[in-house]
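See structure below.
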Amino acid sequence: MLTKEIQLEVEKGTMLPLMEEFYTIQGEGFHTGTAAYFIRMGGCDVGCHWCDVKESWNAELHPPTHIQQIVTNAKDNANTVVVTGGEPLMWDMTALTKQLKEKKLNIHIETSGAYPLTGSWDWICLSPKKNKLPTPTVYDNAHELKVIIYNKHDFIFAEEQAEKVNKKAILFLQPEWSKREEITPLIVDYVMKNPKWRVSLQTHKYLNIP
Numbered sequence: 432m433l434t435k436e437i438q439l440e441v442e443k444g445t446m447l448p449l450m451e452e453f454y455t456i457q458g459e460g461f462h463t464g465t466a467a468y469f470i471r472m473g474g475c476d477v478g479c480h481w482c483d484v485k486e487s488w489n490a491e492l493h494p495p496t497h498i499q500q501i502v503t504n505a506k507d508n509a510n511t512v513v514v515t516g517g518e519p520l521m522w523d524m525t526a527l528t529k530q531l532k533e534k535k536l537n538i539h540i541e542t543s544g545a546y547p548l549t550g551s552w553d554w555i556c557l558s559p560k561k562n563k564l565p566t567p568t569v570y571d572n573a574h575e576l577k578v579i580i581y582n583k584h585d586f587i588f589a590e591e592q593a594e595k596v597n598k599k600a601i602l603f604l605q606p607e608w609s610k611r612e613e614i615t616p617l618i619v620d621y622v623m624k625n626p627k628w629r630v631s632l633q634t635h636k637y638l639n640i641p
């Protein structure tokens, strides 16, 4: 059980349930191949059956950490920070992004968009899920729409999401990792027929890095 003082700090976003943090190469989407420091928050109630970090779902397993420590670790390692999860927008990102900005860092977020947007971001990657659709604030501000394709029906969902996201967002289709051999050829064919889309791959898994 958290003390009332810690619970209050979590609610304000001055402490956050940190699952892990690591420096690696961005493996997906628009910034594939670039160095980035990943900050993974605990807590998610979207519940994707194919999620590869289900250990992030229960926020209580990940102790609240002062954002000053998170920021210090980030600035010592990279120019670009990626906040991911779990679902990071379950928490107020305002204080964290303010301090990261003060350190002159580029700040990205990877989110399902299921909660209203908080924080100040240089890049917003929206990866919507059918279980819990994005909020208008994330649709309106996303720089990138990345839809995970698990089966043929997901192409319909992808087009529905492309209609809802702002017109400046760059559109990506990415095969779900366990179905990649089956799905990747379908995505390639789809993108060639619908060139507004781009292909995204989980290159970090091919490279065997975090």
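Just so you know, the working numbering puts the end of the sequence shown at 641, numbered straight through with nothing missing. Beta carbons are placed, not taken as given, at the ideal position from N, Cα and C, and that holds for glycine.
- [ ] Could you tell me whether the Cβ atoms of Ile-538 and Lys-532 are closer together than 8 angstroms?
- [x] yes
Open item on the list: Nearest by alpha-carbon distance to Glu-452: which of Gly-517, Gln-592, Lys-624 and Asn-597 is it?
Closed with: Gly-517
Task: Nearest-angstrom Cα separation, counted from Lys-529 out to Lys-427 - done: Because the chain in this structure spans residues 432 to 641, residue 427 falls outside the shown range and cannot be described.
Open item on the list: What would DSSP say about Glu-575, mapped onto helix, strand or coil?
Closed with: strand
Open item on the list: Less than 8 angstroms between the beta carbons of Val-596 and Leu-576, yes or no?
Closed with: yes
Task: Cβ distance (whole Å) where Ala-509 is taken to contact Tyr-570 below 8 angstroms - done: That belief does not hold up - the Cβ atoms of Ala-509 and Tyr-570 are roughly 28 angstroms apart, past 8 angstroms.
TODO: Quick one: which unbroken beta strand (DSSP E) runs of 3-plus residues sit fully inside the segment 585-634? Chain order, please.
DONE: 601-606 and 628-630
- [ ] Let me know if Tyr-468 comes out buried or exposed under the rule of 16 or more other beta-carbons within 10 Å of its beta-carbon.
- [x] buried
Open item on the list: Just to confirm my understanding: we take Gly-478, look at its own chain, exclude 5 residues before and 5 after, and list those with CB closer than 6 angstroms. What are they?
Closed with: Asn-562
TODO: Report the partner residues of Leu-564 according to the DSSP bridge assignment.
DONE: Leu-564 pairs with nothing; no bridge assigned.
Task: Any alpha helix (DSSP H) of 4 or more consecutive residues that is wholly inside the segment 480-544 - done: 498-506 and 525-533
TODO: With a threshold of 16 other CB atoms inside 10 Å of the CB of Leu-638, please say whether the residue is buried or exposed.
DONE: exposed
- [ ] Under 7 angstroms Cβ to Cβ from Gln-592, same chain only, skipping five residues before and after it: list those, please.
- [x] Pro-559, Leu-576 and Val-578
- [ ] Mind checking which residues open and close the beta strand (DSSP E) that includes Ile-555?
- [x] 554-557
Task: Status (buried if at least 16 other CB within 10 Å, exposed otherwise) for Asp-620 - done: exposed
Open item on the list: Please report the straight-line C-alpha distance between Gly-550 and Thr-515, rounded to a whole angstrom.
Closed with: 13 angstroms
Task: Proximal residues to Trp-488 (C-beta, below 6 angstroms), its chain only, five neighbours per side dropped - done: Cys-475
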